[in-house]
Amino acid sequence: MSDRANQLISDILRRIHEAIVENDVTYEEYQTAKQWFIDVGEAGEWPLFGDVYIEHVVEEHAFANRAGSQGTILGPFHVPDAPLLDAPFELPHRPDEAGDRTHVSGRVTDADGKPLANANLDIWQADAEGRYSGFMPGPPEGNLRGQVRTDADGRYEFITVIPGPYTIPLDGPTGKMTAAAGWSPWRPAHIHLIVGAEGYEPLVTQLFIDTSDYLDNDVASAVKPELIVHPGPAGDGTLAITYDFALAPVRTPALA
Ligand code: BEZ
Ligand code: FE
0 MSDRANQLIS
10 DILRRIHEAI
20 VENDVTYEEY
30 QTAKQWFIDV
40 GEAGEWPLFG
50 DVYIEHVVEE
60 HAFANRAGSQ
70 GTILGPFHVP
80 DAPLLDAPFE
90 LPHRPDEAGD
100 RTHVSGRVTD
110 ADGKPLANAN
120 LDIWQADAEG
130 RYSGFMPGPP
140 EGNLRGQVRT
150 DADGRYEFIT
160 VIPGPYTIPL
170 DGPTGKMTAA
180 AGWSPWRPAH
190 IHLIVGAEGY
200 EPLVTQLFID
210 TSDYLDNDVA
220 SAVKPELIVH
230 PGPAGDGTLA
240 ITYDFALAPV
250 RTPALA
């Protein structure tokens, strides 16, 4: 066993033991918790639980001093290898896709403002009813998922619809724990992105829609003020969001 594993496991167990003693946890409560651990495993919800209640602290701490734009949690609904889109860079969607049509555009630069050509933006989001393709009934596979590249000036654009807010699944053990604690299960409306360019740290982030409910009460605690965007009128009956991303240089691996 490594020193690191020993240190981490010991510390986490010690804090659990302290919480049990400080809160006079009963045997009945221990049995309830044990059954809940089993239920989370059987429902396949450990990734969901981790991304809702733990990931944000890892992200905030790991990237506290990183140069460039703010990131936030990845969450459980990313699907790799979404199609690379050509102009007009419209995310795949149903012919009758609900929601306000929106042009998103901006630049990708390094942390000093130098434009990055051929940077990749991997984009995914829920539909206007808060449903992710591939995970929830309704939207077809690949709906509202795609990738775009920046031009020679570092500019990108894509067309989408404003997503809806959504709840984590209410009927599974994570949702039941959330209800038992009396917490809101909602996430505010957001668009996920991974922005990458050769030689730079991939930026995993989300853009939060400023008109959405739940911005100040996100169950996943992933909202940062720098990531809240305002969809304004584009003049042609659609909406427009502009947002620039700045990437930090790739970290030099520590010497062995
Ligand atoms: C999401 O952003 O899609 C998400 C994040 C954490 C838990 C569930 C969903
Ligand atoms: Fe999401």
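Here the sequence shown is numbered in numbering that gives the first Met the number 0, starting from 0 and rising by one per residue. Yeah, the Cβ is synthetic: ideal placement off N, Cα and C, and Gly gets one too. The model shown is predicted, which means the values in this text are computed figures rather than measured ones.
Please list, in chain order, all residues of the same chain as residue i whose beta carbon is under 6 Å from its beta carbon, the five residues on each side excluded.
i, result
"Leu-128", "Note on residue identity: the sequence assigns Glu, not Leu, to residue 128. Answer for Glu-128: Gly-163, listed in chain order."
"Leu-83", "Gln-146"
"Ile-190", "Gln-124 and Leu-206"
"Thr-31", "none"
"Phe-76", "Tyr-131 and Phe-134"
"Gly-67", "Ala-110, Ala-245, Leu-246 and Ala-247"
"Asp-217", "Arg-186 and Pro-187"
"Glu-96", "Val-160"
Which one of the options has the shortest CA to CA distance from residue i?
i, options, result
"Thr-71", "Asp-209, Gly-234 and Pro-201", "Pro-201"
"Ala-151", "Thr-108, Arg-3 and Ala-245", "Thr-108"
"Lys-113", "Arg-154, Thr-241, Phe-76 and Arg-144", "Arg-154"
"Met-135", "Pro-168, Val-160, Asn-119 and Thr-149", "Pro-168"
"Asp-256", "Ile-161, Glu-28 and Asn-216", "For the chain, the structure presents residues 0 to 255; residue 256 sits outside this window and is missing."
"Pro-230", "Arg-13, Ala-239, Pro-224 and Val-222", "Ala-239"
"Pro-87", "Val-103, Asn-117 and Asp-50", "Val-103"
"Ile-158", "Thr-177, Asp-85 and Ile-53", "Asp-85"
"Gly-236", "Ile-19, Gln-6 and Thr-101", "Thr-101"
"Gly-195", "Thr-251, Glu-21, Asn-119 and Asp-212", "Asn-119"
"Asp-126", "Gly-137, Pro-79 and Asp-212", "Gly-137"
"Val-78", "Arg-144, Val-228, Asp-170 and Arg-3", "Arg-144"
"Glu-89", "Tyr-52, Asn-142 and Phe-48", "Asn-142"
"Glu-50", "Ala-116, Asp-212, Gly-74 and Leu-7", "Checking the sequence, you will find Asp at residue 50 rather than Glu. It is Gly-74."
Among residues of its own chain, excluding the 5 on either side of residue i, which ones have a beta-carbon nearer than 7 Å to its beta-carbon?
i, result
"Glu-226", "With the sequence shown as reference, residue 226 is identified as Leu, and Glu is not the correct amino acid for it. Only Gln-69, Thr-71, Thr-204, Gln-205, Leu-206 and Phe-207 meet the Cβ criterion."
"Gly-198", "Pro-248 and Val-249"
"Pro-172", "Trp-35, Asp-38, Val-39, Ala-42 and Glu-44"
"Glu-58", "Gly-70, Thr-71 and Ile-72"
"Asp-121", "Ala-81, Gln-146, Leu-192 and Ile-193"
"Pro-232", "Leu-238"
"Ala-221", "His-55, Thr-71, Ile-72 and Gln-205"
"Leu-214", "Pro-187, Phe-207, Val-222 and Ile-227"
"Thr-241", "Ser-104 and Gly-105"
"Glu-257", "With the chain covering only 0 through 255, there is no way to say anything about residue 257."
"Gly-174", "Ile-167, Pro-168 and Pro-184"
"Ser-1", "none"
Say the cut is 7 Å; is the CB of residue i nearer than that to a heavy atom of the ligand FE?
i, result
"Ala-63", "no"
"Arg-3", "no"
"Arg-186", "yes"
"Ala-81", "no"
"His-191", "yes"
"Ala-127", "no"
Output needed for residue i: all residues of its chain with C-beta closer than 8 Å, excluding positions within five of it in sequence on either side, in chain order.
i, result
"Arg-106", "Pro-114, Thr-149, Asp-152, Gly-153, Arg-154, Tyr-155, Asp-243 and Phe-244"
"Arg-93", "Pro-138, Pro-139 and Asn-142"
At the 8 Å Cβ level, is residue i part of the contact set with chain D, yes or no?
i, result
"His-189", "Annotation note: the requested chain D is absent from the structure, which comprises a single protein chain."
Quiz item: If you measure from each residue's Cβ to the nearest non-hydrogen atom of the ligand BEZ, which ones come out under 5 Å, in chain order?
Solution: Ordered along the chain, the selected set is Asp-50, Val-51, Gly-74, Phe-76 and Ala-219.
Exercise. Only counting runs of 4 or more residues, tell me where the alpha helix (DSSP H) segments fall wholly within the segment 159-217, in order along the chain.
Key: Taking 4 residues as the minimum length, the alpha helix (DSSP H) runs contained wholly in the segment 159-217 are 172-179, in order along the chain.
Quiz item: Can you list the alpha helix (DSSP H) stretches of 4 or more residues lying completely in the segment 27-93, in chain order?
Solution: Contiguous alpha helix (DSSP H) elements confined to the segment 27-93 occur at 45-52 and 54-61, taking only those with 4 or more residues.
Practice problem: Please go through the segment 214-251 and give each complete beta strand (DSSP E) segment of 3 or more residues, from N-terminal end onward. | Solution: Assignment of beta strand (DSSP E) within the segment 214-251, counting only whole runs of 3 or more residues, yields 238-241 and 244-246 in chain order.
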